[in-house]
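Under full-length UniProt numbering, residues 1 to 279 are what the sequence shown spells out, in order.
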Amino acid sequence: MASPVFSNAKEFKADPLLADQPTAADLERQYQAPSGMPGYVATERMSYQGVINKTSFLGIITIAMGGVGYVIAGQSAVAYMLALGSGLVAFVLAMVATFQRQGANPAVVGAYAVAEGFFLGAITVGIETSFNVPGAGLQALVATAITFLVCLALFRSGKVRYTNKLRKIFMVGAVSYLVFGLVNIGYMIFSDGAQGFGLYSNEVTIAGITFPLGLAIGAIAILLACISLIGDFDFIENGVKSGQPKRLEWTAAFGLIVTLVWLYIEFLRLIAIFASSRD
């Protein structure tokens with residue numbers, strides 16, 4: 001289990017030994033071909049370069065719209081609320097893209113990148129203003145890019161692989177983090193003393209050292225996001241080696257963007273909590 005996008009797509013779990021085997025679509029085209037035509041008609045296959053190109057495309061859209069959202073959301077309270085509303089649109093589009101049976105539709109994932117970028121720009125300017133941490137968005141963006149490159153390098157070197165043990169660790173951690181997030185939402189809604197990021201902002205003392213709980217939780221969340229990235233790379237590798245259709249490159253790119261958005265949000269929150277703890 002890595003990004004839910006890949007977990008829902010059986011194509012990314014295919015056996016690499018079947019890489020040269022024709023798909024159902026290939027067999028259908030072969031059957032329908034007139035006599036005298038070549039018996040096997042190959043379709044375009046998923047490739048690493050294709051995934052890179054599509055991920056870069058979606059990433060550029062997300063960052064560009066993040067800049068737009070950052071500027072617009074800072075103009076007025078109404079604009080800020082509209083920008084935050086784009087987060088709901090992004091969530092709906094993400095659900096649609098995740099559960100599309102033939103893989104993520106380019107139009108849907110493109111619209112997701114637009115809405116998600118706009119939303120990220122809004123929450124970035126909101127956090128920078130509320131916690132007085134100018135430049136936090138840029139720091140989070142750089143940290144996300146560096147983390148992505150480090151995870152990719154470790155995966156390609158073979159030093160880190162998405163083993164069954166790592167998969168189980170991620171599953172337990174992700175479910176636990178989801179439960180914590182739901183509890184935190186309830187705490188922020190119903191507790192009169194909730195401030196900042198809710199439970200994240202509460203201070204704890206361990207071994208005589210007092211610090212915001214969010215620093216520890218944030219570090220764990222970033223580690224989980226890194227494991228998710230490794231899982232994403234693994235599923236993409238399986239998809240390429242098993243010769244999956246080229247259209248699934250959009251699913252792969254979308255899955256990576258979802259994980260990178262998660263990583264960015266965690267870095268942004270961690271930076272804000274760390275800065276506020278020093279005041």
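Every residue, glycine too, gets a C-beta built ideally from N, C-alpha and C.
Taking 9 Å as the threshold (C-beta atoms), are residue j and residue i in contact?
{"i": "E128", "j": "A136", "result": "yes"}
{"i": "Y264", "j": "A77", "result": "no"}
{"i": "G66", "j": "G117", "result": "yes"}
{"i": "F254", "j": "L88", "result": "no"}
{"i": "F190", "j": "L224", "result": "no"}
{"i": "V51", "j": "L256", "result": "yes"}
{"i": "residue 283", "j": "I273", "result": "Beyond the ends of the chain as shown, which are 1 and 279, falls residue 283; an answer cannot be given."}
{"i": "G74", "j": "S86", "result": "no"}
{"i": "M46", "j": "G173", "result": "no"}
{"i": "Y187", "j": "I220", "result": "no"}
{"i": "I236", "j": "Y48", "result": "yes"}
{"i": "T147", "j": "I222", "result": "yes"}
What does DSSP give as the partner residue(s) for residue i in the beta ladder?
{"i": "P245", "result": "R45"}
{"i": "P212", "result": "E203"}
What residues in its chain sit with their C-beta under 8 Å from that of residue i, if we drop five residues either side in the sequence?
{"i": "Q234", "result": "Note that residue 234 is Asp in the sequence shown here, rather than Gln. Around D234: A2, F155, R161, Y162."}
{"i": "T144", "result": "L260, L263, Y264, F267"}
{"i": "T200", "result": "The question names Thr, but residue 200 in the sequence shown is Tyr. N184, P212, L213, G214, I217, G218, R269, I273, listed in sequence order."}
{"i": "Y80", "result": "A73, G74, A122, V125, G126"}
{"i": "Q102", "result": "R247"}
{"i": "E44", "result": "P245, K246"}
{"i": "P134", "result": "E128"}
{"i": "V175", "result": "none"}
{"i": "A275", "result": "F131, N132, V133, A136"}
Which residues in the same chain have their Cβ closer than 6 Å to the Cβ of residue i, if we skip the five residues on either side of it in sequence?
{"i": "N132", "result": "none"}
{"i": "F204", "result": "The amino acid occupying residue 204 in the given sequence is Val; Phe does not appear at that position. The answer, listed in chain order, is L213."}
{"i": "L84", "result": "A122"}
{"i": "T55", "result": "A253, L256"}
{"i": "S277", "result": "P212"}
{"i": "K168", "result": "none"}
{"i": "Q100", "result": "none"}
{"i": "N202", "result": "L213"}
CB-CB under 7 Å to residue i, same chain, minus the five flanking residues each way: which ones, in chain order?
{"i": "residue 316", "result": "Lying outside 1 to 279, the shown extent of the chain, residue 316 is not represented and no answer is given."}
{"i": "residue 365", "result": "Given that the chain is displayed from residue 1 to residue 279, the structure contains no residue 365 and the question cannot be resolved."}
{"i": "L93", "result": "V108, A111, Y112, A115"}
{"i": "A64", "result": "G117"}
{"i": "A90", "result": "Y112, A115, E116, F119"}
With respect to 8 Å, is the separation between the Cβ of residue i and the closest non-hydrogen atom of the ligand SAH below this value?
{"i": "G121", "result": "Inclusion of the ligand SAH in the displayed structure is not the case, the ligand content being empty and no account of it being possible."}
- Touch check for the stretch 141-156 and the stretch 219-236: three-plus C-beta pairs under 8 Å? yes
- Can you find at least 3 beta carbon pairs, one from the stretch 241-254 and one from the stretch 98-111, that sit closer than 8 Å? yes
- Jot down the residue ranges of each uninterrupted alpha helix (DSSP H) in the stretch 119-185, minimum 4 residues, whole runs only, in chain order. 136-157
- Message: Tell me whether the stretch 239-246 and the stretch 171-184 touch, counting them as touching only if at least three CB pairs, one residue from each stretch, are closer than 8 Å.
- Response: no
- Could you tell me which uninterrupted alpha helix (DSSP H) segments, each at least 4 residues in length, are contained entirely in the stretch 39-104, listed from first to last along the chain? 48-73, 77-98
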